[in-house]
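Numbering-wise, this note's numbering puts 237 at position 237 of the sequence shown, and it's gapless, one number per residue.
Even for Gly, the Cβ is constructed at its ideal location relative to N, Cα and C.
Below is one structure, written out as structure tokens, with a few remarks after it.
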Amino acid sequence: MVHQLEDEPAQLKSGNSLASRTLRIAVLSIAMVSICVGAVSYYINQELVEEAVRKQLVLSTEQTLQRESLPFAEIKALQKNFLAEFKAAEAKPASRQQLVRDFERIFYRHADGSYTQRPGLFEGQPLPDGRRYAGMSATYAPDIPPDDDIKARFALSFQLSHKFGSSAKGRLFNFYGVVPEKGFPIYQAVDIAKAFTYSGPEALKLETFEFYYRGFGSSRNDTIFTRMYWDPSNAAWMATVATPDEAFVSGKHRMLACVDVLLDELMQRMGKPAIQGAYSAVFLTDADGTLIYHRDFADAIKKSEGNASIKSLKLARDYPLLDAIPALAAGKATLIETEQEIVALGIIPETPWVLS
1 MVHQLEDEPA QLKSGNSLAS RTLRIAVLSI AMVSICVGAV SYYINQELVE
51 EAVRKQLVLS TEQTLQRESL PFAEIKALQK NFLAEFKAAE AKPASRQQLV
101 RDFERIFYRH ADGSYTQRPG LFEGQPLPDG RRYAGMSATY APDIPPDDDI
151 KARFALSFQL SHKFGSSAKG RLFNFYGVVP EKGFPIYQAV DIAKAFTYSG
201 PEALKLETFE FYYRGFGSSR NDTIFTRMYW DPSNAAWMAT VATPDEAFVS
251 GKHRMLACVD VLLDELMQRM GKPAIQGAYS AVFLTDADGT LIYHRDFADA
301 IKKSEGNASI KSLKLARDYP LLDAIPALAA GKATLIETEQ EIVALGIIPE
351 TPWVLS
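What follows is the structure, encoded as structure tokens:
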């Protein structure tokens, strides 16, 4: 009896110990299952979040691509119509004679041999026959004295620039038609006759402008986009969109239709992407990825006068974007995943610009 009484607590202790171990094992099992379930759930949720981000990036980027293309589609259409009307009017002998007379009414010669519009025309004063050209100014270099052919083209460009520029007022910044003899009439808010001169350190050298030497330096008539540049006459960062007419058999052009695009507005839009935490960049489809806009390198782009690029700034994390350019389709977003980022990029339709 004594022996049994002494053994009973041991059995109870053994039973309690077994129960405790069983309980601990159960708790650990439940914890392990919970951890596994939690881990699986985390990764599933992470995949779902990332997939949602991918879809949102693609949708947002493609919407932006289409929206940003609209002004360029209008610019190209207007330039095409401008050049068609120029060609039709120039082909009529009677029209050319009238245009030569219009040249004498619209422009006057300065002592250095250059020409500008007559005083008051930009402000809206009428010609003797009642025609008005408010907002139109012009400058013609003194290098080549104008003959009747040049006079006719210059006067026609003045009239058509007013017609197309005024029709797009409020949508486009300006409109101008350039003759290769280094003269251009322009419809815009600033009178270039007052901004440009042909003498002194600030002398206008039109032949050094990218739109001019590229537009007239080739027999092709494809629309060209310049790099971004600072325009002192308007105190703004710009790029020029220019379309030459069909070249003669000689390979020479007689007219270049141009529109300047204000990049400050583009930069402001790009600086506010639709997706929280995302950022945008715009660069050319060239081998170096010449930058138009990048959130982190705005100063470097401006200081380089538009020559900064993904390559020149050694933005190694963006090199995969350059490799993807040949496969891009205008208006369609492609996803590129780097070590640090998920990037949606595509070509803005009607342009040689990539949005990422």
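Distance check for residue j and residue i, CA to CA, integer angstroms please.
{"i": "His-294", "j": "Arg-109", "result": "45 Å"}
{"i": "Thr-290", "j": "Asp-299", "result": "14 Å"}
{"i": "Ile-241", "j": "Val-259", "result": "According to the sequence as given, residue 241 is Val; it is not Ile. Distance between the alpha carbons of Val-241 and Val-259 is about 5 Å."}
{"i": "Ser-166", "j": "Pro-326", "result": "38 Å"}
{"i": "Lys-303", "j": "Ser-312", "result": "13 Å"}
{"i": "Pro-145", "j": "Gly-183", "result": "11 Å"}
{"i": "Leu-172", "j": "Glu-265", "result": "12 Å"}
{"i": "Asp-288", "j": "Lys-163", "result": "39 Å"}
{"i": "Phe-216", "j": "Thr-243", "result": "10 Å"}
{"i": "Asn-307", "j": "Ala-91", "result": "41 Å"}
{"i": "Ala-361", "j": "Glu-104", "result": "Given a span of 1 to 356 for the chain in the structure shown, any question on residue 361 remains unanswerable."}
{"i": "Glu-123", "j": "Gln-63", "result": "40 Å"}
{"i": "Val-261", "j": "Leu-328", "result": "24 Å"}
{"i": "Lys-76", "j": "Glu-47", "result": "43 Å"}
{"i": "Asp-231", "j": "Asp-222", "result": "24 Å"}
{"i": "Asp-112", "j": "Gln-98", "result": "26 Å"}
{"i": "Ile-301", "j": "Met-267", "result": "12 Å"}
{"i": "Gln-56", "j": "Glu-341", "result": "14 Å"}
{"i": "Ala-52", "j": "Leu-18", "result": "50 Å"}
{"i": "Ala-89", "j": "Asn-81", "result": "12 Å"}
{"i": "Pro-352", "j": "Glu-68", "result": "12 Å"}
{"i": "Ser-20", "j": "Pro-320", "result": "59 Å"}
{"i": "Leu-65", "j": "Gly-200", "result": "44 Å"}
{"i": "Ile-25", "j": "Glu-50", "result": "37 Å"}
Taking C-beta to C-beta, are residue i and residue j nearer than 8 Å?
{"i": "Ile-336", "j": "Leu-322", "result": "no"}
{"i": "Ser-157", "j": "Asp-191", "result": "no"}
{"i": "Asp-116", "j": "Leu-204", "result": "Inspection of the sequence shows that residue 116 is occupied by Thr rather than by Asp. No. Outside cutoff."}
{"i": "Ala-344", "j": "Thr-61", "result": "yes"}
{"i": "Leu-121", "j": "Ile-106", "result": "yes"}
{"i": "Met-238", "j": "Leu-206", "result": "no"}
{"i": "Phe-283", "j": "Val-354", "result": "yes"}
{"i": "Pro-142", "j": "Tyr-198", "result": "yes"}
{"i": "Ala-278", "j": "Ser-356", "result": "no"}
{"i": "Thr-211", "j": "Leu-160", "result": "Per the sequence shown, the amino acid found at residue 211 is Phe instead of Thr. No, the pair does not count as a contact, with Cβ atoms beyond the cut-off."}
{"i": "Ser-233", "j": "Phe-209", "result": "no"}
{"i": "Ala-168", "j": "Leu-78", "result": "yes"}
For residue i, which of the options has the nearest alpha-carbon?
{"i": "Val-58", "options": "Ala-333, Ile-348, Ser-356, Ala-189", "result": "Ala-333"}
{"i": "Ala-236", "options": "Arg-269, Thr-243, Met-228", "result": "Met-228"}
{"i": "Gly-170", "options": "Gln-188, Leu-160, Asp-147, Lys-182", "result": "Gln-188"}
{"i": "Arg-101", "options": "Gln-276, Ala-52, Asp-147", "result": "Asp-147"}
{"i": "Arg-54", "options": "Phe-196, Ile-275, Arg-67", "result": "Ile-275"}
{"i": "Thr-285", "options": "Trp-230, Phe-225, Asp-231", "result": "Phe-225"}
{"i": "Arg-317", "options": "Thr-338, Val-261, Gly-251, Glu-305", "result": "Thr-338"}
{"i": "Lys-194", "options": "Ala-89, Gln-125, Arg-118", "result": "Arg-118"}
{"i": "Arg-220", "options": "Thr-208, Gly-251, Ser-20, Glu-202", "result": "Gly-251"}
{"i": "Ser-218", "options": "Asp-245, Ser-233, Glu-68, Thr-208", "result": "Asp-245"}
{"i": "Glu-181", "options": "Glu-202, Ser-114, Asn-234, Glu-68", "result": "Ser-114"}
The ligand ATP and residue i: does the residue's C-beta get closer than 7 Å to at least one heavy atom of that ligand?
{"i": "Tyr-187", "result": "The ligand ATP is not part of the structure shown, which contains no ligands of any sort."}
Report the partner residues of residue i according to the DSSP bridge assignment.
{"i": "Val-282", "result": "Tyr-293, Leu-355"}
{"i": "Phe-184", "result": "Thr-139"}
{"i": "Glu-417", "result": "No statement about residue 417 is possible, as the shown extent of the chain runs from 1 to 356 and does not include it."}
{"i": "Ser-309", "result": "Thr-290"}
Mind the definition here: the region 123 to 133 touches the region 147 to 155 only if three or more C-beta pairs lie below 8 Å; say whether that holds.
no
Say whether the region 65 to 73 touches the region 343 to 353, bearing in mind that this needs 3 or more beta-carbon pairs closer than 8 Å, one atom from each stretch.
yes
Using 8 Å as the threshold, is the region 174 to 188 in touch with the region 244 to 255, meaning 3 or more CB pairs across them?
yes
Stretch pair the region 293 to 307 + the region 267 to 285: three plus CB contacts closer than 8 Å
yes
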